[in-house]
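Novice:
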Amino acid sequence: MNELAKIESTLVQGDISKLNPEERTKYYLKTCETLGLNPLTKPFDYITLNGKLTLYAKRDCTDQLRKLHNVSIEITSRTLTEDIYSVTARARIGDRTDESIGAVCLGAARGEAKANLLMKAETKAKRRVTLSICGLGLLDETEVETVHANETPRPVVQTAERTAPRLEAPKVVVQTETKVAEEKLEMPEMPVSTKYAPDPEGHHSLSYRRMQQESIDKGNAAPSDKQCWKIVNMLRELGFSDDLSQEWLVKNFSVTKTKELTKRQASQAIDLLTQMKDASTPPSTTGRSDDDFLREIEQL
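Per this note's numbering, the sequence shown runs over residues 1026 to 1325.
#1: Using three-state DSSP, classify L1054 as helix, strand or coil.
#2: What are the boundary residues of the alpha helix (DSSP H) that includes V1112?
#3: Taking the C-alpha atoms as reference points, what is the distance between A1060 and F1278?
#4: Report the residue from R1289, I1256 and D1268 whose alpha carbon sits nearest the alpha carbon of Q1300.
#5: Quick one: Cα of S1034 to Cα of K1051, how far?
#6: Under 8 Å, do A1116 and I1100 count as touching if we go by C-beta distance?
#7: Return the residue from the list V1112, G1132, T1056 and N1027 that minimises the CA-CA distance to E1124.
#8: Ends of the alpha helix (DSSP H) at E1153?
#9: Quick check on the burial criterion: 16 or more other C-beta atoms within 10 angstroms. Buried or exposed for I1032?
#10: Comparing alpha-carbon positions, which option in L1093, K1302 and L1161 lies nearest F1069?
#11: If you draw a straight line from the alpha carbon of G1136 to that of L1263, how long is it in whole angstroms?
#12: In its own chain, which residues sit with a C-beta less than 7 Å from the C-beta of L1286, not counting the 5 before and 5 after it?
#13: Can the beta-carbon of T1104 be found less than 8 Å from the beta-carbon of T1155?
#14: Quick check on V1275: buried or exposed, where buried means 16 or more other Cβ atoms within 10 Å of its Cβ?
#15: Using CA atoms only, rank isn't needed, just tell me which of N1258, S1292, L1269 and W1273 is closest to A1133.
#16: In terms of residues, what are the limits of the alpha helix (DSSP H) holding A1304?
#17: K1077 lies in the beta strand (DSSP E); which residues open and close that run?
#18: Fully enclosed by the region 1247-1293, which alpha helix (DSSP H) runs are 4 residues long or longer?
#19: Label K1067 either buried or exposed according to how many other C-beta atoms from any shown protein chain fall within 10 Å of its C-beta, with 16 as the threshold for buried.
Take a look at the structure:
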């Protein structure tokens, strides 16, 4: 790719994936320099959206922007509509003001989980209004989680192959001295495509296969906040410490955080923890090492 094409992709389309690592680093440093941010604090990170690699603002970015531009923020309202909790934040720089909303879904959250969601809504409102009043149209760190959770794969357009019709063999009339015999020539069957095999009900249905694919895509999507909090709470109820919880996730799903699970894995984790709770009361860890405790849990 020539230099002009790279510039167009970066500046016009907002896609920096075409840059090599050295060019990407220069772009990152130049962005920090332009905004007056310290690159050593890593104010930005990368995210891929709609097939484009771009930057999003982290907490260090908004904190430095508020300090650089003397941004003052006040909370003007807090509302709860059904299970949606929203916070409105107003930012001010001199005579200029701006407002933004941060909202979260509380669902069935209780206790500490609910408290964290309330704080998250306020943090989201403050960071969004900071970026807005400073003139930056970037995603905030708190918005990235929502984007990943709701992002759906692009639909794959499939063209069904036409199955060849079965040809009837022509009848040949053979004249003899005594009679006219009709013989039916045996014709080989035309090969039929197996790309779209019948579903269990016996229907050749493209929509059935599309439904199967959508089901697979949903299972591979990121888990919901409700699933993550339920796993954390169930681990705590079983007496798992943070280290033991992390070891349990690594052992069973090869991840270290609940956010790294897929939606299907999160459901499997909840089922497994439910079975552990129903089996028996978790053994006491008093006087035992973490390894002894894990071995007892594995025997449940």
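A virtual CB, placed ideally from N, CA and C, is assigned to each residue, including glycine. Being a predicted model, the structure only gives us computed values, none of them experimental.
Specialist: Let me lay it out:
#1: Assigned with DSSP and collapsed to three states, L1054 falls in helix.
#2: Here V1112 belongs to no alpha helix (DSSP H); instead the beta strand (DSSP E) covers I1109 to I1118.
#3: According to the sequence shown, residue 1060 is Leu rather than Ala. Using only the alpha carbons, I get a separation of about 41 Å.
#4: Each of R1289, I1256 and D1268 was checked against the Cα of Q1300, and the nearest Cα belongs to I1256.
#5: One C-alpha to the other measures close to 16 Å.
#6: no
#7: V1112
#8: The sequence shown places Arg at residue 1153, rather than the Glu named in the question. Start and end: G1136 to I1158.
#9: exposed
#10: L1161
#11: 17 Å
#12: P1248, F1278, V1280 and A1294
#13: The Cβ atoms of T1104 and T1155 lie no closer than 8 Å to each other.
#14: exposed
#15: N1258
#16: K1288 to A1304
#17: K1077 to A1082
#18: You should have 1250-1262 and 1267-1278.
#19: exposed
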